[in-house]
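Residue numbers (this note's numbering): 279 to 617.
Please read the structure below before turning to the comments.
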Amino acid sequence: FFFSAPYQILTLCYCTLLHYLAACYMHSLAPLRKNILSSDSNFAEEMKCASCGTAAADCVKLKKCTACNLVRYCSINCQKNHWSQHKRSCRLRASELRDEILFRQPESSHLGDCPICCLPMPIDGSTFTQLKLACCSKFVCSGCCYANQKQEAEMRLEHRCPFCRHPAPESQIEAAMVFEEKDRVEMNDPDALRKGGLQRYMAHDYKVAFKFWTKAAELGDLQAHYQLSILYHNGEGVKKNEKKETYHLEKAAIGGHPIARFNLGCIEGQNGRHERAIKHFIIAAAQGEDDSLGNLRKMYQNGLVSKEDLATALRAHKAAVDATKSLQRDAAAAFFNNY
Numbered sequence: 279f280f281f282s283a284p285y286q287i288l289t290l291c292y293c294t295l296l297h298y299l300a301a302c303y304m305h306s307l308a309p310l311r312k313n314i315l316s317s318d319s320n321f322a323e324e325m326k327c328a329s330c331g332t333a334a335a336d337c338v339k340l341k342k343c344t345a346c347n348l349v350r351y352c353s354i355n356c357q358k359n360h361w362s363q364h365k366r367s368c369r370l371r372a373s374e375l376r377d378e379i380l381f382r383q384p385e386s387s388h389l390g391d392c393p394i395c396c397l398p399m400p401i402d403g404s405t406f407t408q409l410k411l412a413c414c415s416k417f418v419c420s421g422c423c424y425a426n427q428k429q430e431a432e433m434r435l436e437h438r439c440p441f442c443r444h445p446a447p448e449s450q451i452e453a454a455m456v457f458e459e460k461d462r463v464e465m466n467d468p469d470a471l472r473k474g475g476l477q478r479y480m481a482h483d484y485k486v487a488f489k490f491w492t493k494a495a496e497l498g499d500l501q502a503h504y505q506l507s508i509l510y511h512n513g514e515g516v517k518k519n520e521k522k523e524t525y526h527l528e529k530a531a532i533g534g535h536p537i538a539r540f541n542l543g544c545i546e547g548q549n550g551r552h553e554r555a556i557k558h559f560i561i562a563a564a565q566g567e568d569d570s571l572g573n574l575r576k577m578y579q580n581g582l583v584s585k586e587d588l589a590t591a592l593r594a595h596k597a598a599v600d601a602t603k604s605l606q607r608d609a610a611a612a613f614f615n616n617y
């Protein structure tokens with residue numbers, strides 16, 4: 279009797295504790311269950327036509343709105359009928375998706391990396407930072423070209439291309455013949471189209487330059503997008519159009535063109551959208567663009583940029599510039615400056 283009574287009490291307490299823990303556990307699962315049910319209901323709504331409510335089936339295939347990816351439609355007529363209700367949220371979401379892509383830090387600049395040393399190409403715009411080879415049409419940094427020529431001179435070797443090792447053209451005429459053979463506009467080579475457009479632009483034939491650069495831009499040439507933005511800004515060969523200018527600048531900036539990114543920041547700043555301008559300048563500065571860093575310093579002095587953002591931009595700018603440096607490129611710069 280003396281041992282049975284305490285045992286019954288302990289058993290009752292133990293069962294009560296188990297019931298309490300079970301109740302707490304079920305209470306903690308209630309929000310999760312609610313979220314699961316809401317997600318299931320949202321999924322069911324997504325798999326219906328936003329206009330007529332037709333559910334997706336084997337015979338009915340729903341297509342997403344390509345602008346926002348928020349709703350689905352079973353036909354073009356349903357999409358047209360629902361546009362008056364959907365256009366506001368569609369445009370808002372499309373703008374958000376566009377900004378996500380626009381303000382994403384590019385992995386590299388539009389110039390890419392040297393195919394030999396695999397270091398990023400400098401974006402300072404000096405004449406001898408990169409050279410185009412006549413034989414293989416590759417852009418190689420000046421450091422690799424200088425190292426190749428130095429080795430050939432020391433070992434008394436035949437002058438060859440540092441990339442494909444093809445014998446170099448003996449004269450400028452032969453090099454020009456190679457370019458004419460390989461960089462033909464009829465082959466839709468974007469580099470040849472961009473180069474042809476630049477020649478027409480220098481000759482003040484802006485309409486033909488516009489045609490060349492438009493074709494090159496369609497083929498994905500980022501520099502052509504940037505050149506088209508200049509035409510639309512100056513009204514050369516085309517009417518001035520700020521929307522098309524911004525469009526081509528955004529295309530170039532998304533692909534990693536730092537000067538196009540800088541121009542976008544200037545446009546946003548002139549329109550009073552300082553937050554967007556700061557984002558553009560920070561991204562361009564992280565690519566090694568000097569003018570963007572200078573604008574961030576001025577905006578910091580005016581109280582528009584925080585100290586932390588400026589410090590981050592300074593570190594990113596220094597890292598980008600240091601990544602393009604090498605002993606070979608420094609030696610090449612010293613040689614070409616004294617040449």
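Don't be surprised by glycine CBs; every beta carbon is placed ideally from N, CA and C.
**Asked** How many angstroms separate the CA atom of LEU506 from the CA atom of HIS482?
**Response** Straight-line Cα distance between these residues: approximately 14 angstroms.
**Prompt:** So, helix, strand or coil for PHE613, using DSSP?
**Reply:** Here PHE613 sits in helix by DSSP.
**Prompt:** Near TRP491, what residues of its chain come up, given a Cβ to Cβ distance below 6 angstroms and the 5 sequence neighbours on each side ignored?
**Reply:** Contacts found: GLY475, ALA502, GLN505 and LEU506.
**Message:** Just to confirm the assignment: which complete alpha helix (DSSP H) runs, minimum length 4, are found wholly within the stretch 331-407?
**Reply:** Unbroken alpha helix (DSSP H) runs of no fewer than 4 residues, entirely contained in the stretch 331-407, are found at 354-380, following chain order.
**Request:** Tell me whether the beta-carbon of TYR424 lies closer than 9 angstroms to the beta-carbon of ALA610.
**Result:** It is a contact, given that the beta carbons lie within the stated cut-off.
**Cβ contact (3+ pairs, closer than 8 angstroms) linking the stretch 537-556 and the stretch 579-596** = Judged by pairs of C-beta atoms under 8 angstroms, the stretch 537-556 touches the stretch 579-596, as three or more such pairs exist.
**Prompt:** Should CYS419 and CYS395 be called a contact, given that it needs their Cβ atoms to be closer than 9 angstroms?
**Reply:** Yes, Cβ-Cβ distance for CYS419 and CYS395 is below 9 angstroms.
**Request:** Go ahead and pull the three-state DSSP assignment for PRO440.
**Result:** It is coil, neither helix nor strand.
**Message:** Less than 6 angstroms between C-beta atoms, sequence neighbours within five positions excluded: which residues of the same chain meet that for LYS493?
**Reply:** The residues are LEU471.
**Message:** Between which residues of its own chain and LEU574 is the CB-CB distance below 8 angstroms, once the five residues before and five after are set aside?
**Reply:** So the list reads ILE556, PHE559, ILE560, ALA563, VAL583, ASP587, LEU588 and ALA591, once near-sequence residues are dropped.
**Message:** Residues in the same chain with beta-carbon distance under 8 angstroms from LYS326, minus the five sequence neighbours each way, listed in chain order, please.
**Reply:** Excluding positions up to five away in sequence, the list reads THR332, ALA333, ALA334, LEU340 and ARG350.
**Candidates PRO400, SER362 and LYS517: closest to GLY534 by CA position** = Across the set PRO400, SER362 and LYS517, the C-alpha of PRO400 shows the shortest separation from the C-alpha of GLY534.
**LYS603 (DSSP reduced to helix, strand or coil)** = In the three-state DSSP reduction, LYS603 falls in the coil class, being neither helix nor strand.
**Request:** Name the two residues that bound the continuous beta strand (DSSP E) containing VAL418.
**Result:** Counted as a single uninterrupted DSSP element, the beta strand (DSSP E) harbouring VAL418 occupies residues 417-419.
**Request:** Evaluate LEU527 with the Cβ neighbour count: other Cβ atoms within 10 Å of its Cβ, from every protein chain shown; 16 or more gives buried, anything less gives exposed.
**Result:** Here LEU527 is buried: its Cβ has 16 or more other Cβ atoms, across all protein chains shown, within 10 Å.
**Prompt:** Does the distance from the C-beta atom of LEU380 to that of ALA495 stay below 9 angstroms?
**Reply:** Taking C-beta atoms as the reference points, LEU380 and ALA495 fail to come closer than 9 angstroms.
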